[in-house]
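All remarks here apply to the structure that follows.
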Amino acid sequence: GAVVSQHPSRVICKSGTSVKIECRSLDFQATTMFWYRQFPKQSLMLMATSNEGSKATYEQGVEKDKFLINHASLTLSTLTVTSAHPEDSSFYICSAREVYTDTQYFGPGTRLTVL
Amino acid sequence: EDQVTQSPEALRLQEGESSSLNCSYTVSGLRGLFWYRQDPGKGPEFLFTLYSAGEEKEKERLKATLTKKESFLHITAPKPEDSATYLCAVQGQGGSEKLVFGKGTKLTVNP
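Taken in order, these protein sequences are the chains called A and B. Read in order, the letters of the first sequence correspond to residues 1 to 115 in our numbering. Read in order, the letters of the second sequence correspond to residues 116 to 226 in our numbering.
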């Protein structure tokens, strides 16, 4: 149980294009999902907290107009990187909070490369 | 401000050589302490949640314990497949659902 999927697992795009990453909780409902970014050999950096049916809460220094988050249902959150640039290249990971145990379960991650 | 410090940063063990990883934390009221395992290029895999001091949980060769100031992840007779980065995180009772992560311990188990 408690499986979270992400799609795509890997994406390569040209500078200036937008990329959408999907995060789904497959066997539980998640009122809260989180988006993280991870640089090589570093720990996870929280970008934003996504609550179903409401606006996301972004961490300090994260541009909300660049990283658009939508949490339209209890099992799906999306992160759109708009007008991507090479410095946006990174490993993006989502997590979903299981309410009864208060535990975050993580997706497998998406490797974004912007050329 | 909630903080998590993990030690050591890296640990090399021989197969079968038991050891412990440490996670020291400061938090304004602990709501939960979490251990995850992360393999290169993958998302963290959930291992344990501990809620109160004195609690212990086990899974195969891993055992997690919790005190009011720290948590230990004990690895008994490790195998090469236990090689990974182990992450510790805490959630405080301040109303936020955010996790505060340590920087992790990279474990390498040599055959």
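All residues carry an ideal CB built from backbone N, CA and C; glycine is no exception.
(request) Go to Arg176/B, then tell me how far its beta strand (DSSP E) extends in each direction, as first and last residue. (result) No beta strand (DSSP E) holds Arg176/B; DSSP gives it neither H nor E.
(message) Can you look up Glu130/B in the DSSP assignment and give me helix, strand or coil?
(response) coil
(request) Go ahead and pull the three-state DSSP assignment for Glu196/B. (result) helix
(request) For Cys87/A, name the three-state secondary structure that DSSP assigns. (result) According to the sequence as given, residue 87/A is Glu; it is not Cys. Three-state DSSP puts Glu87/A in a helix.
(message) Let's see if you can read the secondary structure: which residues bound the beta strand (DSSP E) around Glu22/A?
(response) Val19 to Ser25
(request) Could you please give the first and the last residue of the uninterrupted beta strand (DSSP E) stretch that includes Gly147/B? (result) Leu145 to Gln153
(message) Does chain A have any CB closer than 9 Å to the CB of Phe187/B?
(response) no
(message) Does Gly207/B come out as helix, strand or coil in the three-state DSSP assignment?
(response) strand
(message) Measuring alpha carbon to alpha carbon, tell me which residue in Tyr140/B, Leu177/B and Lys194/B is nearest Ala204/B.
(response) Tyr140/B
(request) Measure from the alpha carbon of Thr200/B to the alpha carbon of each residue in Pro123/B, Glu116/B, Asp117/B and Val119/B, then state which is nearest. (result) Pro123/B
(request) Closer than 8 Å by beta-carbon distance: list the chain B residues that pair up with Ser43/A, in chain order. (result) Leu202, Phe216, Gly217, Lys218 and Gly219
(message) Between Ser95/A and chain B, is the shortest Cβ-Cβ distance under 9 Å, so that the two count as touching?
(response) yes
(message) If we define contact as Cβ-Cβ less than 9 Å, is Pro108/A a contact residue for chain B?
(response) yes
(message) Does chain B have any CB closer than 9 Å to the CB of Gln6/A?
(response) yes
(message) Run through chain B and tell me which residues come within less than 7 Å of Tyr105/A, C-beta to C-beta.
(response) Phe161
(request) Examine chain A for any beta-carbon lying closer than 9 Å to the beta-carbon of Gly158/B, and answer yes or no. (result) yes
(message) Can you tell me where the beta strand (DSSP E) holding Lys64/A begins and where it ends?
(response) Segment: none, Lys64/A is in no beta strand (DSSP E) and carries neither H nor E.
(message) So if I threshold CB-CB distances at 9 Å, which residues from the region 124–149 of chain B count as touching chain A?
(response) Arg146, Gly147 and Phe149
(message) If you measure between the beta carbons of Ala30/A and Ala96/A, is that distance less than 9 Å?
(response) yes
(request) State the DSSP-derived secondary structure class of Gln42/A, mapped to helix, strand or coil. (result) coil
(message) DSSP three-state label for Leu136/B, please.
(response) strand
(message) Run through chain B and tell me which residues come within less than 9 Å of Leu79/A, C-beta to C-beta.
(response) None at all; the shortest Cβ gap to chain B is about 14 Å.
(message) Under 8 Å: do the region 9–24 of chain A and the region 71–84 of chain A share three or more Cβ pairs, one atom per stretch?
(response) yes
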